[in-house]
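Enquirer: Chains as they are written, first to last, in our numbering: chain U, 3 to 341; chain G, 15 to 335; chain E, 1174 to 1469.
Cβ coordinates follow ideal geometry from the N, Cα and C atoms, glycine included.
Pasting in a structure now, in structure tokens, and then I'll have a few things to ask.
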Amino acid sequence: MVRFGRVHKYFVKRIILFFIIMLIAIFINFMIPRLTPGNPIVTVIGMLLRQGSRFENIDEIIDTYERMFGLKGSLPEQFVRYLTEIFRGNLGYSIRYFPVKVSVLIGRSLPFTIFLLGLSTVISWVVGTIIGLLAGWKSESNLSKAFSYVALVLNVIPYYMLALVLIYVFAYLIPIFPLTGAYKGSLGMNWANIEFIKSLLWHSILPSMSIIITSLGWWFLSIRSLVVDLKGEDFITLSEAKGLKENYIMWRYAFRNSLLPQVTMLALSLGGIVNGALLTEMIFSYPGLGLLLFESISTADYTVIQGITLIITLSVGFATFIIDIMYPLIDPRITYEES
Amino acid sequence: MEEAQRILDVNGLTTHYITKKAPVKAVENVSFEIGSNEIFGIVGESGCGKSTLAASLLRLLKPPGKIISGEVFFDGVDLLKLPSKDLRRLRWNRLSYIPQGAMNSLNPVMKVGKQIEEVIKIHKGKIPKREMKKRIEELLKSVGLDPVVANSYPHELSGGMKQRTIIAMATALSPRLIIADEPATALDVVVQRGILQLLLHVKEQMNSSIILITHDMAAQAEVCDRLAVMYAGDIVEIGDIRRLLGDPQHPYSQALISSIPSLTEEKHLKGLPGFPPDLRFPPSGCKFHPRCSRFMPGLCDKVPPLTLEVKGREVECHLYK
Amino acid sequence: MSRPWTSIRKNARARQIMGGLRDLFSSREFTAGFIIFASLVMFSTVGSALVGYDPMASVGPPNIAPNSQYLFGTDSFGRDVMSQILHGIQLSLIVALLVSTVDTFFGSTVGFVAGYYGGLIGSALGIIMDVMLVVPILPAIVLITVTVRKVELWLMAMILSLFGWAAPARQVRSQTLSLKAREFIDVAKISGARRSEILFVEIVPHMLQWMSAHYVYDMLWAILTEASVEVLGLGPQHMMTLGMMLFWVIRKAAMYRNLWWWWITPIAVLICLFVSLYLMHRGLDRMVNPRLRGRR
């Protein structure tokens, strides 16, 4: 097939670009601590000691750190060592909780973040898209315009601000929903236990609400404007002339054509969503990466912070890359030319 | 025309575009009839109201356009007063549309065959898959396309192919009347001819009538039976095409026809002085009077002319009182 | 020696600007946003002149509800909330302006160079831009601020600019590339204009419109990100910005203790800032993209 050659080249190009970008991001992650004078880990431990923390095995910590992320050897050597460790999945040890590994800490928190993020993003995208579709289709109605104003305001409110408001409402005024944690501690993480699952969902209501309500605005506005633009297109007029039912036209013509840009929008917003989710977790003490990040900042647990930023960079980059690859496969109009 | 022969009867159709200042009087009091099995041409300069007329007939007018008054009788039913549910059932089934610029008229994310299929399904109900496939194949063949086209997406087809597909869609349900708005204008000359021949074929094979709207008189000379000349929202002359082209009565028709270059004789080309009027503030009396070579002061600028029958044609001009 | 082209453009440009301003204020969104924004600025400037308390100093008893002396009450440290708000608005605006200006100028220059000269430089710069856009900002900022430890406000602004320049750079680059190829540049060349004239008279006004829309968006983004970083606890501890207020609010669990005047005020002000900037951005954006005009 003549086409195959072009497709092949596109994928290869994209993969190479992805690796280059990831490499650079890891490099930045690697370089930053080395920009400060002195041995960062000694500084940090020194500071913690001054604050009154107690450490055993200080020498062991420093030594392990230097060995793995060592400041021994030339810079390229250090970077290669850093990379190898990362590929082995070794992100070092937590300073605060030595000898607990960073990867273990992250591994414990990541599932909660994915759960919260995934749930909230899916719900808000679906709800926002459907309401936005209807609002765009009936864009003359006052309801549609009213929704737009509301969405405009919601759009700019950061997730955590709404979180604070929700806390006030549901802590002080109407104490219904739980305010902290992912599930009732006494239950333990047992997936077979229906009580656990119920508790999990119950505890996720407030945090996910903060994310859902505020991000709804964005999905709503983007598809609404897509549909409003689409309504004036010739093929919509012809579909009316064909005697097709209005609902059918809305779904099959308007929706189908705005779906793809809406999905791309999802891909592009991933970074921003992650940022917002982190802060929300912090406020609700939801045991995900956000809370871990916050705690490590307060305790200056440097290695954990580094590990988290790395993980986030890699996952967001990877997810964007996947969607980049998939998009041409879904949209029949895209050829494999570089835009 | 006899009552039984008529399939479309337009009476006093008036359409305006409502703007913040004065309304644009795009179509003013237009009346004409279409018989069965004929190709009826509407010709005029850009901006004379042809497309607005087509949109009004089909009730596809978009705001700020509004049909102010008139009646459009299609097989005895006034289209303008039809409730939307009945209109929908009638659409495409009995009255279909070939739009200008097929480039954008097909749904980009749907295969072309599917788009033909949905029209058939909506109006004729469920048909077994094999039969549907055969139907679509035949339709595509009838417009000169290879049936594999059915599996393509619109962007994979050329302009001419897209237009032919739309014609295939338009004829799928053997409608009584097809309104073709500049069906070949955006395409190159060779393809144009093919499209026109196709329309002729459709009229003959399916016994449909076609309204062919275009500014290209040569095209109409080729395929139309009757012709209406439109100027500034008004129809100024209607009649049999041979006779009209050979011996135009209205000064505007005369000017139009004399501006067509001839391959056979050496002709002195005469343009028409002036510009088409601003339809927000159309000229008083006869709208053509500022540009008319036979202008009669005191009459043409004061009183709008009546439609009179001259030499078997309907002409709207003071000359023939 | 007057080229006809030169005199035509002088008039055209003046008319462009006047027409542009008129269009701008005819947009309901922009006007609404502008009014809110201007009110906040006035509130902050006039207010600071009237209310004299040092936002960082403990001036009265803690946790007092709004009264005649402390219009927005006091926080858990006994600091006057009103002064904090007034001062905080100014700080946020300063940071926003700093970041936007640096981003826009630096970014545009880089983008222009990348687009105009193309080739290897262009591609290299292009890759750098892509990387800066991909790296998730919050974790990176966290990393940097933790490393640097002592955070000043201006340092925060610099770090923010570091991440913000890539977007205008990319836009300017693609605009330059497309304009380079367009016909009207050729027309200008034919009519005898110098290269630099082409640059400033044809290309720049085009980009100016987009840049102003982006400038406002950048301000929004800067305030947003700055607040997020501060809420996390990485902000300047010795200054009271709006974000730092929220940090202390969370630290002292003000929501649970019904110290509503302390946490509602910074949130309300921040939301007003965000909404006003966003509206102005949308208004400017519509102007740039004429297709969106008159669209509801």
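Taking Cβ positions, are E/Ser1217 and E/Gln1263 nearer each other than 7 Å?
Expert: Position 44 of the third sequence, counting from 1, holds the residue named residue 1217 of chain E. Position 90 of the third sequence, counting from 1, holds the residue named residue 1263 of chain E. Yes; because the gap between Cβ atoms is below 7 Å, this pair is in contact.
Enquirer: Any idea if U/Gly130 is buried or exposed, counting beta-carbon neighbours within 10 angstroms, 16 or more meaning buried?
Expert: By 1-based counting over the first sequence, the position of residue 130 of chain U is 128. Buried: at least 16 other Cβ atoms inside 10 Å.
Enquirer: Measure the C-alpha to C-alpha separation of G/Ser222 and G/His215 and round it to an integer number of angstroms.
Expert: The residue you call residue 222 of chain G lines up with position 208 of the second sequence. The residue you call residue 215 of chain G lines up with position 201 of the second sequence. The straight-line gap from Cα to Cα measures roughly 10 Å.
Enquirer: Could you please give the first and the last residue of the uninterrupted alpha helix (DSSP H) stretch that includes U/Met163?
Expert: Indexing the first sequence from 1 puts residue 163 of chain U at position 161. Tyr161 to Ile169 is the span of the alpha helix (DSSP H), which, as asked, contains U/Met163.
Enquirer: Specify the secondary structure class of E/Phe1245 as computed by DSSP and reduced to three states.
Expert: One-based indexing of the third sequence puts residue 1245 of chain E at position 72. Of the three classes helix, strand and coil, the one that applies to E/Phe1245 here is coil, per DSSP.
Enquirer: Between G/Thr29 and G/Ala40, how many whole angstroms is the CB-CB distance? I'm expecting something under 8 Å.
Expert: Taking the first residue of the second sequence as 1, we reach residue 29 of chain G at position 15. Taking the first residue of the second sequence as 1, we reach residue 40 of chain G at position 26. Their Cβ separation, rounded to whole angstroms, is 5 Å, which keeps G/Thr29 and G/Ala40 in contact under 8 Å.
Enquirer: What is the rounded straight-line gap between the Cα of G/Leu27 and the Cα of G/Asp248?
Expert: Here the question's residue 27 of chain G lines up with position 13 in the second sequence. Here the question's residue 248 of chain G lines up with position 234 in the second sequence. For G/Leu27 and G/Asp248, the distance between alpha carbons rounds to 10 Å.
Enquirer: Considering E/Val1422, what are the terminal residues of the beta strand (DSSP E) in which it resides?
Expert: Along the third sequence, one-based indexing puts residue 1422 of chain E at 249. It is not in any beta strand (DSSP E) - E/Val1422 instead sits in the alpha helix (DSSP H) that spans Leu1415 to Arg1424.
Enquirer: If I'm right that G/His229 touches G/Ser60 with Cβ under 8 Å, what's the distance once you round it to whole angstroms?
Expert: On the second sequence, residue 229 of chain G is found 215 positions in, with the first residue counted as 1. On the second sequence, residue 60 of chain G is found 46 positions in, with the first residue counted as 1. 6 Å between Cβ atoms; contact.
Enquirer: Is it buried or exposed, U/Leu288, if we count other Cβ atoms within 10 angstroms and call 16 or more buried?
Expert: Here residue 288 of chain U refers to the residue found at position 286 of the first sequence. It should be pointed out that residue 288 of chain U corresponds to Tyr in this sequence rather than to Leu. Its Cβ being crowded by 16 or more others within 10 Å, U/Tyr288 is buried.
Enquirer: The region 288-306 of chain G: which residues have C-beta closer than 9 Å to a C-beta of chain U, in chain order?
Expert: Within the region 288-306 of chain G, no residue has a Cβ that lies closer than 9 Å to any Cβ of chain U.
Enquirer: Between the region 277-292 of chain U and the region 117-129 of chain U, are three or more C-beta pairs nearer than 8 Å?
Expert: With the cut-off at 8 Å, the region 277-292 of chain U and the region 117-129 of chain U touch.
Enquirer: Excluding the 5 residues flanking E/Leu1446 on each side, which residues of the same chain have their C-beta closer than 7 Å to its C-beta?
Expert: The residue you call residue 1446 of chain E lines up with position 273 of the third sequence. Within the same chain, E/Leu1446 has close Cβ partners Leu1213, Ser1265 and Ile1396.
Enquirer: Given G/Leu212, which residues of its chain have a CB within under 8 Å of its CB, disregarding the five upstream and five downstream residues?
Expert: As a working mapping, residue 212 of chain G is identified with position 198 in the second sequence. Contacts found: Val157, Gly158, Arg178 and Ile181.
Enquirer: Report yes or no: do the region 1219-1239 of chain E and the region 1398-1408 of chain E share at least 3 C-beta pairs separated by less than 8 Å?
Expert: With the cut-off at 8 Å, the region 1219-1239 of chain E and the region 1398-1408 of chain E do not touch.
Enquirer: Thinking C-alpha only, which one of U/Phe179, U/Ser317 and U/Tyr99 is nearest U/Ala286?
Expert: Here residue 286 of chain U refers to the residue found at position 284 when the first sequence is read from its first residue. In the sequence as presented, Ala is not what sits at residue 286 of chain U; that position holds Phe. Of the candidates U/Phe179, U/Ser317 and U/Tyr99, the one whose C-alpha sits nearest the C-alpha of U/Phe286 is U/Phe179.
Enquirer: Cβ atoms of E/Ser1273 and E/Asp1391: under 7 Å apart, would you say?
Expert: Within the third sequence, numbered from 1, the residue matching residue 1391 of chain E stands at position 218. Within the third sequence, numbered from 1, the residue matching residue 1273 of chain E stands at position 100. In contact: E/Asp1391 and E/Ser1273 (Cβ atoms closer than 7 Å).
Enquirer: So is G/Gln268 buried or exposed if we call it buried at 16+ other beta carbons inside 10 Å?
Expert: Counted from its first residue, the second sequence places residue 268 of chain G at position 254. By the 10 Å Cβ count, G/Gln268 comes out buried.
Enquirer: In terms of residue numbering, what span does the beta strand (DSSP E) encompassing G/Ile252 cover?
Expert: For the purposes of this step, residue 252 of chain G is taken as residue 238 along the second sequence, with counting starting at 1. That run of the beta strand (DSSP E) goes Asp248 to Asp254.
Enquirer: With 8 Å as the C-beta to C-beta threshold (strictly closer), list the residues of the region 207-241 of chain U near chain G in chain order.
Expert: Residues Gly234, Glu235, Asp236, Phe237, Thr239, Leu240 and Ser241.
Enquirer: Please list the partners that U/Gly245 has in chain G, where partner means a Cβ-to-Cβ separation under 7 Å.
Expert: Sequence index remark: in the first sequence, residue 245 of chain U carries index 243 (1-based). Those within 7 Å of U/Gly245 in chain G are Arg102, Arg103, Arg105, Trp106, Asn107, Ile136 and His137.
Enquirer: Among E/Met1191, E/Leu1306, E/Leu1381 and E/Arg1346, which residue has its Cα nearest to the Cα of U/Ser271?
Expert: The residue labelled residue 271 of chain U in the question sits at position 269 within the first sequence. Selected option, being the one with the closest Cα: E/Leu1306.
Enquirer: With a CB to CB cut of under 7 Å and the five nearest residues on each side skipped, what residues in its chain are close to E/Met1384?
Expert: The count along the third sequence starts at 1 and reaches residue 1384 of chain E at position 211. So the list reads Thr1277, Ser1281 and Pro1341, once near-sequence residues are dropped.
Enquirer: What first and last residue would you give for the alpha helix (DSSP H) that runs through G/Lys64?
Expert: Translated into positions along the second sequence, residue 64 of chain G becomes position 50. Start and end: Lys64 to Leu72.
Enquirer: Is G/Phe88 near G/Ile225, with beta carbons less than 7 Å apart?
Expert: Locating residue 88 of chain G in the second sequence gives position 74, counting from the first residue. Locating residue 225 of chain G in the second sequence gives position 211, counting from the first residue. It is not a contact, given that the beta carbons lie outside the stated cut-off.
Enquirer: Look at the alpha carbon of G/Asn165 and the alpha carbon of E/His1387, and state the distance between them as a whole number of angstroms.
Expert: Mapped onto the second sequence, residue 165 of chain G falls at position 151. Mapped onto the third sequence, residue 1387 of chain E falls at position 214. Approximately 44 Å between the Cα atoms of the pair.
Enquirer: Where does the unbroken beta strand (DSSP E) through G/Ile193 begin, and where does it stop?
Expert: Within the second sequence, numbered from 1, the residue matching residue 193 of chain G stands at position 179. First-last of the beta strand (DSSP E) with G/Ile193: Leu191 to Asp195.
Enquirer: What whole-angstrom Cβ distance do G/Leu72 and G/Ile193 have, given they're in contact under 8 Å?
Expert: In the second sequence, the residue the question calls residue 72 of chain G occupies position 58. In the second sequence, the residue the question calls residue 193 of chain G occupies position 179. Yes, they are in contact, since the Cβ atoms of G/Leu72 and G/Ile193 sit about 6 Å apart, within 8 Å.
Enquirer: Determine the direct distance from the alpha carbon of U/Arg254 to that of G/Ile134, and round the result to whole angstroms.
Expert: As a position in the second sequence, residue 134 of chain G is number 120, starting the count at 1. As a position in the first sequence, residue 254 of chain U is number 252, starting the count at 1. Distance between the alpha carbons of G/Ile134 and U/Arg254 is about 16 Å.
Enquirer: Between U/Met211 and U/Tyr162, what straight-line distance do the alpha-carbon atoms span, to the nearest angstrom?
Expert: Locating residue 211 of chain U in the first sequence gives position 209, counting from the first residue. Locating residue 162 of chain U in the first sequence gives position 160, counting from the first residue. If I take the Cα positions, the gap works out to 11 Å.
Enquirer: Would you say U/Ile26 and E/Val1304 are within 7 Å of each other, going by their C-beta atoms?
Expert: Locating residue 26 of chain U in the first sequence gives position 24, counting from the first residue. Locating residue 1304 of chain E in the third sequence gives position 131, counting from the first residue. Yes, these two residues count as a Cβ contact at 7 Å.
Enquirer: Identify every residue that forms a DSSP beta bridge with G/Asn25.
Expert: Residue mapping note: residue 25 of chain G aligns to position 11 of the second sequence, counting from 1. The partner list for G/Asn25 (beta bridge, DSSP) reads G/Glu85.
Enquirer: Ordered along the chain, which non-local residues of its own chain (more than five positions away) have a Cβ less than 6 Å from that of U/Ala165?
Expert: Residue numbering aside, residue 165 of chain U sits at position 163 when the first sequence is read from its first letter. Correct list, in chain order: Ser212, Thr282 and Ile285.
Enquirer: For G/Val203, count neighbouring C-beta atoms within 10 Å of its own C-beta (all shown protein chains included) and say buried if the count is 16 or more, exposed if not.
Expert: The residue given as residue 203 of chain G occupies position 189 in the second sequence. Exposed, by the Cβ-count rule.
Enquirer: Taking the straight line between their C-alpha atoms, what separation do you get for E/Leu1465 and U/Gly234?
Expert: What you label residue 1465 of chain E is simply residue 292 of the third sequence in a count that begins at 1. What you label residue 234 of chain U is simply residue 232 of the first sequence in a count that begins at 1. Because the pLDDT at E/Leu1465 is just 45, under 50, the model does not fix this residue reliably, and the value given afterwards should be weighed accordingly. E/Leu1465 and U/Gly234: Cα-Cα distance of roughly 12 Å.
Enquirer: Return the residue from the list G/Lys316, G/Arg20, G/Ser307 and G/Arg144 that minimises the CA-CA distance to G/Gln263.
Expert: Against the second sequence, residue 263 of chain G aligns to sequence position 249. Closest by alpha carbon: G/Ser307.
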